[in-house]
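In the UniProt record's numbering, the protein residues as written are 1 to 147.
Cβ atoms here follow ideal geometry from the backbone N, Cα and C, with glycine treated the same way.
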């Protein structure tokens, strides 16, 4: 096997996850197995993606590969770089604190209102983690019980 074009494109985690899931389904439908190291690698990568608190751990996934162009279109007005968009897709930030780790010089480039708008766009297109809300409610209940 020979590499024809090195690093021709950068893939998001959801694209890799979808490819690996589809490949596993194809192999099952054909009742065949790939090389054992491929099977091991695929299983470990899928397990990594599905482990909480990863953005792909939510079942069913609130978004798919089709969300990428929609997100890019909605974030175009904010002049977010391609690399930053990939990081947004991979991390799925649901707050400005996490978004600050993704966007370079966020406070210098965007006002607080724009930061909230970006987070709202991300949540609208990619969805939010329901576990965060449940964990917050449980934390409040635990705090009430101790007082």
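If you look at residue 96, you'll find it in the alpha helix (DSSP H) that goes 96 to 102. Excluding five sequence positions before and after residue 84, the CB atoms of its chain that fall closer than 8 Å to its own CB belong to 102, 103, 104, given in chain order. Residue 110 places its beta carbon less than 8 Å from that of residue 118. For the pair residue 60 and residue 98, the Cα-to-Cα distance works out to about 23 Å.
In this structure, DSSP gives residue 119 a helical state, which the three-state scheme calls helix.
When the alpha-carbon of residue 93 is set against those of 73, 120, 72, 108, the nearest one is in 120.
The beta carbon of residue 91 is closer than 7 Å to those of 55, 98, 102 in its chain, skipping five residues each way along the sequence. Counted as a single uninterrupted DSSP element, the alpha helix (DSSP H) harbouring residue 42 occupies residues 36 to 50.
Annotation for residue 125: 63, 67, 70, 71, 74 place their beta carbon closer than 8 Å to its own, counting only its chain and skipping 5 residues before and after.
Residue 63 carries a coil assignment under DSSP once its states are collapsed to helix, strand and coil.
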